[in-house]
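Sequential numbering from 6 applies to the sequence shown in the numbering used here.
All remarks here apply to the structure that follows.
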Amino acid sequence: MNMDLNKLNLKEASEKLKNEKITSTEIIDDCLTQIGKKDNDINAYLTVLSDEAKKSAEESDMRRKSGRVASEIDGLPIAIKDVICTKSIKTTAGSKILENFIPPYDATVVSKLKDAGAIIIGKTNLDEFAMGSSTENSAFKITKNPWDISRVPGGSSGGSAAAVASEMCLAALGSDTGGSIRFPASLCGVVGLKPTYGAVSRYGLMAMASSLDQIGTFTKTVEDAEILFNIISGFDKQDSTSLNKELNKSKDPKNMVLGIPKEYFSEGLDPKVKEVIEKAIEKLKPKVKEVVEISLPNAQYALEVYYIIMFVEVSSNLARYDGVKYGYSTKEAKDLIEVYFKSRAEAFGAEAKRRIILGNYASSAGYIDQYYSRAQKVRTLVKKDFEDAFKKVDLILGPVSPTTAFKIGEKTDDPLTMYLSDIYTISINLAGIPAMSVPAGLSNNLPVGLQIIGPGLSENNIFSLGKTFEGARGELPSAPV
Ligand code: GLN
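This is the structure in structure tokens:
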């Protein structure tokens with residue numbers, strides 16, 4: 006009997022499993038059926054782990070029978086962005102250079118999910134090495150937006166966002182260096198959480214820009230984001246930037262002061278998106294203590310700062326792919342230098358090459374002071390803007406994306422316009438603070454996400470305000486595909 010168990014969220018599925026109304030095997034079967042039906046159109050997955058997932062589901066059902074349930078998410082299917090290492094399962098980073106790479110170990114987040122009994126159902130598509138805003142930079146396929154398959158799902162974690170939105174898994178993990186969780190979550194109408202820098206281990210996440218990268222979650226509800234975050238977060242001695250600190254206690258939204266940055270509502274924001282966000286804020290007003298206007302004066306420099314620091318870190322991190330140590334190696338080389346040059350030339354895509362070249366330039370001896378060092382100084386100012394704001398307000402609200410999902414191909418020839426998509430998300434990564442995209446409503450039948458931003462380790466406040474907002478907003482339709 007088909008019960009469409011793929012439509013459940015983590016919380017609902019967990020309750021039903023607990024009451025022995027359903028089995029993990031049935032949930033996995035329904036998700037695999039949905040993948041069979043929909044993924045030819047959506048292209049969310051690079052690898053579907055059908056046999057492995059069915060086997061893990063049987064094991065989970067056995068555990069449950071014998072009363073040894075590992076956690077609230079035991080037996081529930083989670084998809085993983087293909088830039089997060091999974092032991093013995095191909096992990097490509099969406100790049101030809103790692104087309105056949107099989108990691109010998111699990112990322113910490115994957116080990117944690119497995120320890121919790123969760124089931125890895127597949128690996129999802131992404132922009133090459135997480136570089137992009139549309140998932141069009143994948144070396145393998147273009148993921149489509151489940152709300153309109155002529156449009157992008159956003160990026161770079163577009164596969165994870167689309168897999169959750171089209172109910173091909175119950176939740177997913179992604180990574181966010183400049184918006185890559187929140188942006189696709191906004192465009193696909195799901196909840197996307199980018200945690201505090203260091204709150205979730207990066208061990209086993211293929212590095213893009215190490216000082217900005219953070220693993221986070223895609224879920225159908227805020228409560229699910231909280232459940233999943235609580236499982237994947239925590240100190241990890243394998244990650245030298247991992248935080249060994251408790252989260253702040255949560256505050257009742259009734260006592261919260263919320264800040265609206267005036268810079269986030271100026272030109273560049275599509276008036277229709279603005280309308281949805283303003284309505285969302287109006288709905289929250291009666292639920293909180295006060296909503297005040299604030300200013301983030303250095304936000305205007307965030308894009309430039311990000312696109313220097315990130316390029317420099319990318320060029321350094323991608324230097325390890327040399328045709329010798331991992332992945333693709335050219336077939337025709339006379340000597341070692343040619344192995345390096347040809348392997349990289351043949352296997353990196355255009356965006357990766359662009360960033361490697363610009364990053365090397367901005368960090369080269371003659372230019373490092375002018376670009377990279379200056380950008381680091383301005384980064385401190387961007388961070389300070391938030392510190393000043395959080396002296397006055399508990400959380401900040403704004404848009405995630407300046408527009409709704411754009412058409413496939415619309416921005417591929419113009420990297421600068423593509424980079425502008427990140428205008429409201431990147432300063433959060435520069436500051437290392439947490440933020441979440443929560444579906445706020447629709448504009449012309451396309452989802453719009455509300456961004457809730459908090460100071461470091463304030464995830465609990467973000468969750469409680471997010472849940473309050475979901476209550477005030479009411480049900481939204483799910484993606485039509
Ligand atoms: N769109 C941004 C970029 O292209 C963000 C990427 C990300 O967060 N991984 O760099």
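The C-beta atom is built at its ideal place from N, Cα and C for all residues, glycine as well.
Everything numeric in this text was worked out from a predicted model, so none of it was measured.
List the endpoints of the continuous beta strand (DSSP E) containing I458. L451 to I458
For the ligand GLN, is there any heavy atom lying closer than 7 angstroms to the beta carbon of G183? yes
Based on Cα-Cα distance, which residue from I373, G41 and L323 lies nearest to R349? L323
Residues near I83 by beta carbon distance below 8 angstroms, same chain, minus five either side: L118, A123, I124, I125, I126, C174, L175, A176, A177, L178 and L233
In this structure, how does DSSP classify N249 when only helix, strand and coil are distinguished? coil
Comparing alpha-carbon positions, which option in P200, D9, A112 and K70 lies nearest G459? P200
Does the beta-carbon distance from V278 to T96 come in below 8 angstroms? no
Would you say A357 and F134 are within 8 angstroms of each other, going by their C-beta atoms? yes
Hey, quick one: how far does the beta strand (DSSP E) through V74 stretch, first residue to last? Unbroken run through V74: none, as it is neither H nor E.
According to DSSP, simplified to helix, strand and coil, what is I186? coil
Near the ligand GLN: M315 beta-carbon under 7 angstroms from a heavy atom: yes
Which two residues bound the contiguous alpha helix (DSSP H) that contains M261? Counting along the chain, M261 falls outside any alpha helix (DSSP H), and DSSP gives it neither H nor E.
With a cut-off of 8 angstroms on the beta carbons, I'd call V453 and V281 a contact; round off their distance for me. 4 angstroms
Counting only runs that start and end within the stretch 262–330, where is the alpha helix (DSSP H) found for 4 or more residues in a row? 276–289 and 307–322
Look up I125 in the DSSP assignment and say whether it is helix, strand or coil. strand
Does the beta-carbon distance from I431 to L341 come in below 8 angstroms? no
Per DSSP, the bridge partner or partners of E197: The displayed chain sequence assigns Gly, not Glu, to residue 197. Looking at the DSSP assignment, G197 forms a beta bridge with F223 and S442.
Examine the ligand GLN and report whether any of its heavy atoms sits within less than 7 angstroms of the Cβ of D111. no
Spell out whether any CB of chain D is found under 8 angstroms from the CB atom of G364. Included in the structure is just one protein chain, with no chain D present.
How would you call E268, buried or exposed, if buried means at least 16 neighbouring beta carbons within 10 angstroms? buried
Between T30 and D66, is the Cβ-Cβ spacing less than 8 angstroms? yes
Shortest alpha-carbon distance to G80 belongs to which of V344, I27, Y429 and L289? I27
Validate contact between the stretch 83–92 and the stretch 106–117 using beta carbons, cut 8 angstroms, 3 pairs: yes
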